Amino acid sequence: MRLSRYFLPILKENPKEAEIVSHRLMLRAGMIRQQSAGIYSWLPLGKRVLDKVNAIVREEQNRAGAIEILMPTIQSAELWQESGRYEDYGREMLRISDRQDRPMLYGPTNEEMVTDIFRSYVRSYKDLPLNLYHIQTKFRDEIRPRFGTMRSREFVMKDAYSFDIDQDAARHAYNKMFVAYLRTFARMGLRAVPMRADTGPIGGDLSHEFIILADTGESEVYCHKDFLGFDIPGDETDFDDIKAVQTIVDDWTTLYAATSEMHDADAFAQVSEDARLTARGIEVGHIFYFGTKYSEPMGAKVMGPDGKEHTVHMGSYGIGPTRLVPAIIEASHDDNGIIWPDGVAPFDVIIINMKAGDEACDAACEKLYGELLAAGRDVAYDDRNERAGAKFATADLIGIPQQVVVGARSVANGEVEVKDRKTGSRDTMSLEAAVNRLSARG
Numbered sequence: 031m032r033l034s035r036y037f038l039p040i041l042k043e044n045p046k047e048a049e050i051v052s053h054r055l056m057l058r059a060g061m062i063r064q065q066s067a068g069i070y071s072w073l074p075l076g077k078r079v080l081d082k083v084n085a086i087v088r089e090e091q092n093r094a095g096a097i098e099i100l101m102p103t104i105q106s107a108e109l110w111q112e113s114g115r116y117e118d119y120g121r122e123m124l125r126i127s128d129r130q131d132r133p134m135l136y137g138p139t140n141e142e143m144v145t146d147i148f149r150s151y152v153r154s155y156k157d158l159p160l161n162l163y164h165i166q167t168k169f170r171d172e173i174r175p176r177f178g179t180m181r182s183r184e185f186v187m188k189d190a191y192s193f194d195i196d197q198d199a200a201r202h203a204y205n206k207m208f209v210a211y212l213r214t215f216a217r218m219g220l221r222a223v224p225m226r227a228d229t230g231p232i233g234g235d236l237s238h239e240f241i242i243l244a245d246t247g248e249s250e251v252y253c254h255k256d257f258l259g260f261d262i263p264g265d266e267t268d269f270d271d272i273k274a275v276q277t278i279v280d281d282w283t284t285l286y287a288a289t290s291e292m293h294d295a296d297a298f299a300q301v302s303e304d305a306r307l308t309a310r311g312i313e314v315g316h317i318f319y320f321g322t323k324y325s326e327p328m329g330a331k332v333m334g335p336d337g338k339e340h341t342v343h344m345g346s347y348g349i350g351p352t353r354l355v356p357a358i359i360e361a362s363h364d365d366n367g368i369i370w371p372d373g374v375a376p377f378d379v380i381i382i383n384m385k386a387g388d389e390a391c392d393a394a395c396e397k398l399y400g401e402l403l404a405a406g407r408d409v410a411y412d413d414r415n416e417r418a419g420a421k422f423a424t425a426d427l428i429g430i431p432q433q434v435v436v437g438a439r440s441v442a443n444g445e446v447e448v449k450d451r452k453t454g455s456r457d458t459m460s461l462e463a464a465v466n467r468l469s470a471r472g
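Counting in my numbering, the sequence shown runs from 31 upward without gaps.
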């Protein structure tokens, strides 16, 4: 993408309304624009990052055996009345009426709707296990939306819903999502710690929040320091191996880890003093097992192998992509701007033409641009008629992992400079060597 043709509304000054680093940098980098309290437009650069996050979420859900669907944002109030949650949910639910005065709502979550889909089609245990997910916009009328898309009223959520014949099978479904979440966040450059958590309005009796540690976290968390060094389950993980998946979950839940709502001071005191970690945390995912909370009142049953009807056991599993983007920034930035991990960067490489209009510089940049695109890389080319300092500032602000600096003097020697945004290391090399290095995927 040539930046001379791209919509990238960079802000030079820090916005006054931004309270935390991620909100400030997302506004300055032209990723988002606030339309009203807690409601944002995603601009081109931000949309590219959000798409990368969604792609990783989708790949790991599919790997774990979940099946993608797409449910509507507007739901009938009747389903929520049937489950008993319509009056209980609170003022966060946006209640509306259509032109026929039928009560509707802008969905804050989809347990009722997916249960209705399930009961309409699934009749036998032979069709289980089943896990359905979608990536869709939600709305919760937060009393105090803040921190940009970290805590907004309208947001994108990946929510998955598992259906199983009994509690044991449902626990395996829960465990698969637990492991999938560890992998998902690691691919985004995040170290997420699963912590015992309150189930809240979703309900149920088993729940974990996945927390990344950050100074701007919303709540205090408590955990064992060893979590920071645990190995992430690899690509070879067999999600159908019940024992192997349970072992991973056991390894990640044996040591102490809890959010403030579930904190047990006496239990935490049993952890050796040098291993205790108290910090602020940002929730990036939440999983629940709630048994028959929705399937019982809504009549979601299947015929079991014993010839009798069984009420299915359910779980739900949420990840907020529009929350993940600022969380990644909170975990990865410096004084100059964002430092995107490779997996979610809007572009892999940015080519900085220090002297646009110079024949040699233009030719070298065009060669790099064409060959890197042909190699399948996402490339930004700063071909704008701007001074070099402004281009360097833009490249650092938007955080693209690799920068290629093309100047008249270096090009005269057949060379360019490659800078790593994260480490700051710089290497001078030939154009061919630069193409070879930057074409390789990590």
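Each residue gets a CB set at the ideal place from its N, CA and C atoms; glycine is no exception.
Every value quoted in this text rests on a predicted model; they were computed, and no experiment measured them.
Practice prompt. State the Cα-Cα distance for the pair Leu-38 and Gly-373, rounded to the nearest angstrom.
Written response: Within the sequence shown, the letter at position 8 stands for residue 38. Within the sequence shown, the letter at position 343 stands for residue 373. Computed Cα separation, rounded: 21 Å.
Fill in: Own chain, CB closer than 6 Å to Pro-74, minus 5 neighbours either side, in chain order
Taking the sequence shown and counting its residues from 1, one reaches residue 74 at position 44. Here the set comprises Phe-37.
Worksheet item: What is the DSSP secondary structure of Ser-325, counted as helix, strand or coil?
Response: One-based indexing of the sequence shown puts residue 325 at position 295. Residue state, collapsed to three classes: helix.
Practice prompt. Pick out whichever of Met-292, Arg-217 and His-316 has its Cα sitting closest to the Cα of Ile-241.
Written response: Here residue 241 corresponds to residue number 211 of the sequence shown, with the count starting at 1. Looking at the Cα atoms, His-316 is the closest of the given residues.
Fill in: CB contact flag (Val-379, Arg-407, <8 Å)
Within the sequence shown, the letter at position 349 stands for residue 379. Within the sequence shown, the letter at position 377 stands for residue 407. Yes, the Cβ-Cβ distance between Val-379 and Arg-407 is below 8 Å.
Practice prompt. Decide if Lys-273 is buried, meaning its Cβ has at least 16 other Cβ atoms within 10 Å, or exposed.
Written response: Position 243 of the sequence shown, counted from the first residue, corresponds to residue 273. Its Cβ having fewer than 16 others within 10 Å, Lys-273 is exposed.
Worksheet item: Can you tell which of Ala-203, Ala-463 and Leu-258 has its C-alpha closest to the C-alpha of Asp-270?
Response: Locating residue 270 in the sequence shown gives position 240, counting from the first residue. The shortest Cα separation from Asp-270 among Ala-203, Ala-463 and Leu-258 belongs to Ala-203.
Discussion item. Considering Cα atoms alone, identify which of Tyr-211, Arg-54, Val-465 and Asn-443 is closest to Glu-313.
Written reply: Here residue 313 refers to the residue found at position 283 of the sequence shown. Of the listed residues, the one whose Cα sits closest to Glu-313 is Tyr-211.
Fill in: Beta-carbon proximity list for Thr-179, same chain, < 6 Å, skipping 5 on both sides
For the purposes of this step, residue 179 is taken as the residue at position 149 of the sequence shown. Contacts found: Tyr-70, Thr-352 and Pro-356.
Item to complete: Go through its chain and collect everything with a Cβ distance to Met-134's Cβ below 8 Å, but skip five positions before and after it.
Response: Taking the first residue of the sequence shown as 1, we reach residue 134 at position 104. Closer than 8 Å at Cβ, skipping near neighbours: Ile-104, Gln-105, Ser-106, Ala-107, Arg-125, Ile-126, Ser-127 and Asp-128.
Worksheet entry | Whole-angstrom C-beta distance between Arg-183 and Gly-68, which should lie under 8 Å | Here residue 68 refers to the residue found at position 38 when the sequence shown is read from its first residue. Here residue 183 refers to the residue found at position 153 when the sequence shown is read from its first residue. The Cβ separation is near 3 Å, so the contact holds.
Worksheet item: Looking at C-alpha atoms only, which residue of Leu-461, Leu-285 and Ala-216 is the closest neighbour of Asn-443?
Response: Position 413 of the sequence shown, counting from 1, holds the residue named residue 443. That would be Leu-461, whose Cα lies nearest to the Cα of Asn-443.
Discussion item. Would Thr-267 and Arg-310 qualify as a contact pair, given that the criterion is a beta-carbon distance under 8 Å?
Written reply: Sequence index remark: in the sequence shown, residue 267 carries index 237 (1-based). Sequence index remark: in the sequence shown, residue 310 carries index 280 (1-based). No, the pair does not count as a contact, with Cβ atoms beyond the cut-off.
Worksheet item: Any C-beta of chain D sitting closer than 8 Å to the C-beta of Asp-270?
Response: Protein chain content of the structure displayed is limited to a single chain, and chain D is not contained in it.
Worksheet item: So which of Arg-201, Ala-463, Ile-430 and Gly-454 has the shortest CA-CA distance to Val-446?
Response: The residue given as residue 446 occupies position 416 in the sequence shown. When only C-alpha atoms are compared, the closest one is Ala-463.
Worksheet entry | Spatial neighbours of Ala-96 in its chain, beta-carbon cut-off 6 Å, leaving aside the 5 residues before and after | Translated into positions along the sequence shown, residue 96 becomes position 66. These residues qualify, in order along the chain: Asn-161, Tyr-163 and Ala-190.
Worksheet entry | Residues of its chain near Tyr-399, where Cβ-Cβ distance is below 7 Å and the 5 sequence neighbours each way are ignored | Here residue 399 corresponds to residue number 369 of the sequence shown, with the count starting at 1. Closer than 7 Å at Cβ, skipping near neighbours: Ile-381, Val-409 and Tyr-411.
Discussion item. What would DSSP say about Ile-272, mapped onto helix, strand or coil?
Written reply: For the purposes of this step, residue 272 is taken as residue 242 along the sequence shown, with counting starting at 1. Reduced to three states, the DSSP call for Ile-272 is helix.
Item to complete: Return helix, strand or coil for Thr-103, following the three-state DSSP convention.
Response: If you number the sequence shown from 1, residue 103 lands on position 73. DSSP places Thr-103 in coil when its eight states are reduced to three.
Fill in: Limits of the alpha helix (DSSP H) - the one that Asn-383 falls within
Within the sequence shown, the letter at position 353 stands for residue 383. Not the alpha helix (DSSP H): Asn-383 falls in the beta strand (DSSP E), residues 379-383.
Worksheet item: Between which two residues does the beta strand (DSSP E) harbouring Glu-250 extend?
Response: Your numbering for residue 250 matches position 220 in the sequence shown. Element bounds for Glu-250: 249-254.
Worksheet item: For Glu-112, which of Trp-370, Thr-145 and Ala-386 has the nearest alpha-carbon?
Response: Within the sequence shown, residue 112 is the residue found at index 82, counting from 1. When only C-alpha atoms are compared, the closest one is Thr-145.
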